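Remarks on the structure that follows.
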Amino acid sequence: MQEYPIGTPGQPWSDEEKAQWKEKQSIQRSYREEVLEKIPDSLDGFSIVQYGALPYDEEKYPLYALVSEPMSQTKPTILVTGGVHGYETSGVQGALRFINNDVMRYTSRFNFVIVPCISPWGYETINRWNPMAMDPNRSFYKDSPAPESALVMQFLDSLDVSFLMHIDLHETTDTDNSEFRPALAARDGITNTNWNIPDGFYTVANTQAPQMDFQKAVIESVRKVTHIAPSDDEGRLIGEPVQSEGVICYDKKKLHLCGGMTDATFVTTTEVYPDSQQATPEQCNQAQVAAITGALDYLMAANL
């Protein structure tokens, strides 16, 4: 296997090598044009809140959320997050599409907090990490050094609400094996072991409370839009045992994942596969929306 071009094999990166990595990154698309301009200027029943800005460039990277206004004490509250890994395009675009096309169908039953793009620098540079070579999706813990993670956690704490559901929108891509896992191994001075890239949609449930009927409802909703990832020959997806068709589990709090930052009863992380020969970028965006609406429809049917 080809060695990663930065660092010495077996030795974790120093600050100098992290700086070398940052120098190799470049702007490839516009956060303002592709994200900020799609956030509505106003939306009935919502406030559009700037909850912070990334310190790398506060003017360029303001952070926004849509919050139900007023927040009803008689309705459960739903959290939708996208773009924790900025390069995972459909998570961001799916959240925006849900805001613009679908959320109003559910406001009579739920409060919402929707954060469409947690990592805008990552979105522009098509990156999993932030400029400090940190993965925001392993950084959701107290006093987090990752601004992306710290700022959204502070914002949610300031709302002082409990969440019934949190859906975190992600993708699994071929670059996980060609770039991001080799970079991770080089950064940490460990041996790289690639995983199988599942061809299709799957979800990641929370190990402590997987809520399998809920996960299955998400899978069935997405199945109407795109295909569900089959397990590999060992009955696994990305190395994890399949619990039900298209469903695996992670200990989200232990791993400091975005999906573990609340105590929501129902939690899922979506994973679409935009590099599939069987799916288009449009289908991937639609799959993210179908995951959200399928989850909400399940909660409504259960009178939760």
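Counting from 1, position 245 in the sequence shown corresponds to residue 245 in UniProt numbering; the numbering is continuous, with no gaps.
Beta carbons: idealized from backbone N, C-alpha and C, even for Gly.
Quick caveat: nothing in here was measured; it's all calculated off a predicted structure.
Could you pull the start and end residues of the beta strand (DSSP E) that residue i belongs to?
{"i": "V80", "result": "T77 to G82"}
{"i": "F266", "result": "F266 to V272"}
{"i": "V67", "result": "P62 to S68"}
{"i": "I167", "result": "M165 to E171"}
{"i": "N111", "result": "N111 to V115"}
{"i": "I39", "result": "Premise fails: I39 is in no beta strand (DSSP E) and is neither H nor E."}
{"i": "V247", "result": "V247 to Y250"}
What residue does the alpha helix (DSSP H) around residue i start on, and which one ends it?
{"i": "Q211", "result": "Run containing Q211: none; DSSP gives neither H nor E here."}
{"i": "C284", "result": "P281 to A301"}
{"i": "V152", "result": "P147 to L159"}
{"i": "E34", "result": "Y31 to E34"}
{"i": "D176", "result": "D176 -> no alpha helix (DSSP H), and no H or E assigned at all."}
Which class does residue i belong to by DSSP, given the choice of helix, strand or coil?
{"i": "Y106", "result": "coil"}
{"i": "A205", "result": "strand"}
{"i": "R236", "result": "strand"}
{"i": "N137", "result": "helix"}
{"i": "E16", "result": "helix"}
{"i": "G91", "result": "helix"}
{"i": "P55", "result": "coil"}
{"i": "M1", "result": "For M1, the pLDDT reaches just 49, beneath the cut-off of 50, and the residue's location in the model is therefore unreliable, leaving the point undetermined."}
{"i": "L304", "result": "coil"}
{"i": "L255", "result": "coil"}
{"i": "V218", "result": "helix"}
{"i": "I118", "result": "coil"}
Could you name the residues of the same chain whose beta carbon sits closer than 8 Å to that of residue i, not counting the 5 residues immediately before and after it, in chain order?
{"i": "M212", "result": "A205, Q243, S244 and V247"}
For chain B, check one thing: does any of its Cβ atoms lie closer than 8 Å to the Cβ of residue i?
{"i": "S119", "result": "Protein chain content of the structure displayed is limited to a single chain, and chain B is not contained in it."}
Pop quiz: residue i and residue j are said to be a contact at Cβ under 8 Å. What is the actual Cβ separation, rounded to whole angstroms?
{"i": "F201", "j": "F266", "result": "Between F266 and F201 the Cβ distance is about 18 Å, and since that is not below 8 Å, they are no contact."}
{"i": "V225", "j": "A146", "result": "Between A146 and V225 the Cβ distance is about 32 Å, and since that is not below 8 Å, they are no contact."}
{"i": "R236", "j": "W13", "result": "Between W13 and R236 the Cβ distance is about 30 Å, and since that is not below 8 Å, they are no contact."}
{"i": "P131", "j": "K22", "result": "5 Å"}
{"i": "G83", "j": "S119", "result": "5 Å"}
{"i": "L184", "j": "T81", "result": "That pair is no contact at about 22 Å."}
{"i": "F46", "j": "L296", "result": "Actually they are not in contact, since the Cβ atoms of F46 and L296 sit about 16 Å apart, beyond 8 Å."}
{"i": "L79", "j": "T268", "result": "At roughly 11 Å, the Cβ-Cβ gap does not stay under 8 Å, so L79 and T268 are not in contact."}
{"i": "H166", "j": "A264", "result": "4 Å"}
{"i": "L36", "j": "W121", "result": "Contact doesn't hold; Cβ gap of about 14 Å is too wide."}
Can you give me the Cβ contacts of residue i inside the same chain, cut-off strictly under 6 Å, excluding the 5 residues immediately before and after it?
{"i": "A217", "result": "G294 and Y298"}
{"i": "M1", "result": "Note that M1 scores 49 on pLDDT, short of 50, meaning its location in the model is unreliable and no value can be drawn from it."}
Going along the chain, which residues of its own chain have a beta-carbon closer than 7 Å to the beta-carbon of residue i, five neighbours each way excluded?
{"i": "Y106", "result": "L296"}
{"i": "Q20", "result": "I6"}
Would you be able to state if there are at least three C-beta pairs under 8 Å between the segment 279-293 and the segment 154-163?
With the cut-off at 8 Å, the segment 154-163 and the segment 279-293 do not touch.
If you pair each beta-carbon of the segment 92-105 with each one of the segment 171-182, do three or more pairs fall below 8 Å?
With the cut-off at 8 Å, the segment 92-105 and the segment 171-182 do not touch.
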